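Novice: Below is the structure I would like to discuss, written out as structure tokens.
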Amino acid sequence: MSDAVSVFMHPSPKIRRVAVDRPWVWLAKGWDDFRRAPGASLPYGIAVVAASYGIVAALAWFESVYALLPLAAGFMFLAPLLAAGLYDASRRLALGETPDFAVTARALGRNPEHLAYMGLVLMVFNLFWTRVALLLFALFFGTPSSTVRELVDMTLFSPDSMPFLIVGTAIGAVLATLVFAISAVSIPMLLDRRDCTVWTAIATSFVAVRENWKPMALWAALIVAFTGFGMVPFFLGLAVTLPLIGHATWHAYKDLVVDAEPAS
247 MSDAVSVFMH PSPKIRRVAV DRPWVWLAKG WDDFRRAPGA SLPYGIAVVA
297 ASYGIVAALA WFESVYALLP LAAGFMFLAP LLAAGLYDAS RRLALGETPD
347 FAVTARALGR NPEHLAYMGL VLMVFNLFWT RVALLLFALF FGTPSSTVRE
397 LVDMTLFSPD SMPFLIVGTA IGAVLATLVF AISAVSIPML LDRRDCTVWT
447 AIATSFVAVR ENWKPMALWA ALIVAFTGFG MVPFFLGLAV TLPLIGHATW
497 HAYKDLVVDA EPAS
């Protein structure tokens, strides 16, 4: 059997069904990991906050503030990969180690080829969403906004704001659901198992979401809520909410995948 065929034929692990309210347990375990390893957790959140300020400053400089909303929404597509070091920190804590930022920052090196493929898949989704969002903005408003105030006025208080928000939210929700389905446990799985392929990880993640659609719907809603709350205070909240969600995602993976050691 060729290598290409064997990649697709690689059996996916079985999935464990969990209670609807299980995501709250994942959050509690994620918070515990955050408290146990702040030196490996906070730097990720702080880096995202700093990058957010840099992006806003660049958009303002180039008078492209209208791209702020699609980029902020697109962050949800790339966040699962950005949190790879947080998954590794939780993995090391479970092994009795004391992780630090320097070690977890090299987490992508555990399975670089297939993590790179996963990053490419997420990037394609992000680029597609960004192009669609910018096209919608042009169709509804025509002239791009050059300041944050103009952006707020156009998207919230103009006659076209409601149709724009409805259509944009509907399209974004479909894309976000697809991304969530393929990435809910795939990246932690690729970190945990160096012999795992991206196709096996994606298939496992999709089945995990399908078989546990109620708890995973709650989990998706919690991710959106915590990320949104983190962005509201000028992105400062992401310094805490991003590490929290990252650590909790590791525990979601451990709960959902049968041949991973189940969480207590």
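Residue numbering for the sequence shown follows our numbering, starting at 247 and increasing by one per position. Glycine is no exception: its CB is placed at the ideal position from the N, C-alpha and C atoms. Computed from a predicted model, the values in this text were never measured in an experiment.
Would Met229 pass as a contact of Ala348 if the rule is Cβ separation under 9 Å?
Specialist: Residue 229 lies beyond the residue range present for the chain, which begins at 247 and ends at 510; the question has no answer from this structure.
Novice: For Val251 and Ala447, I'd like the C-alpha separation in whole angstroms.
Specialist: Unreliable placement is indicated for Val251, whose pLDDT of 37 sits below 50; the coordinate value is still reported in the next sentence. Going by the C-alpha atoms only, they are around 16 Å apart.
Novice: At the level of alpha carbons, what is the spacing between Ser510 and Met462?
Specialist: Summary for Ser510: the model assigns pLDDT 44, below 50, so the residue's position carries little reliability; its value from the coordinates is reported in the next sentence. Spanning the two alpha carbons is a distance of roughly 19 Å.
Novice: DSSP on Val503, reduced to helix/strand/coil?
Specialist: Looking at Val503 - three-state DSSP - the assignment turns out to be strand.
Novice: Determine the burial state of Leu424: buried for a count of at least 16 other Cβ atoms within 10 Å of its Cβ, exposed for fewer.
Specialist: exposed
Novice: Ser451 lies in the alpha helix (DSSP H); which residues open and close that run?
Specialist: Residues Val444 to Glu457.
Novice: Measure from the alpha carbon of Ile428 to the alpha carbon of each residue in Phe323, Arg282 and Leu273, then state which is nearest.
Specialist: Phe323
Novice: Do you know how far the Cα of Met364 is from the Cα of Arg262?
Specialist: 23 Å
Novice: When the Cα atoms are used, what is the spatial distance from Gly331 to Pro289?
Specialist: 10 Å
Novice: Applying the 10 Å Cβ sphere with the 16-neighbour rule, what's the burial state of Met400?
Specialist: buried
Novice: Please report the residue range of the alpha helix (DSSP H) in which Ser310 lies.
Specialist: Where Ser310 is concerned, there is no enclosing alpha helix (DSSP H), given that its DSSP letter is neither H nor E.
Novice: If you scan the segment 325-354 from start to end, which runs of the alpha helix (DSSP H) of 4 or more residues do you find wholly inside it?
Specialist: If we require 4 residues or more, the alpha helix (DSSP H) runs fully inside the segment 325-354 come out as 330-340 and 347-350.
Novice: Taking only the alpha-carbon atoms, compute the straight-line gap between Ala494 and Leu468 and give it to the nearest angstrom.
Specialist: If you draw a straight line from the Cα of Ala494 to the Cα of Leu468, it is about 11 Å long.
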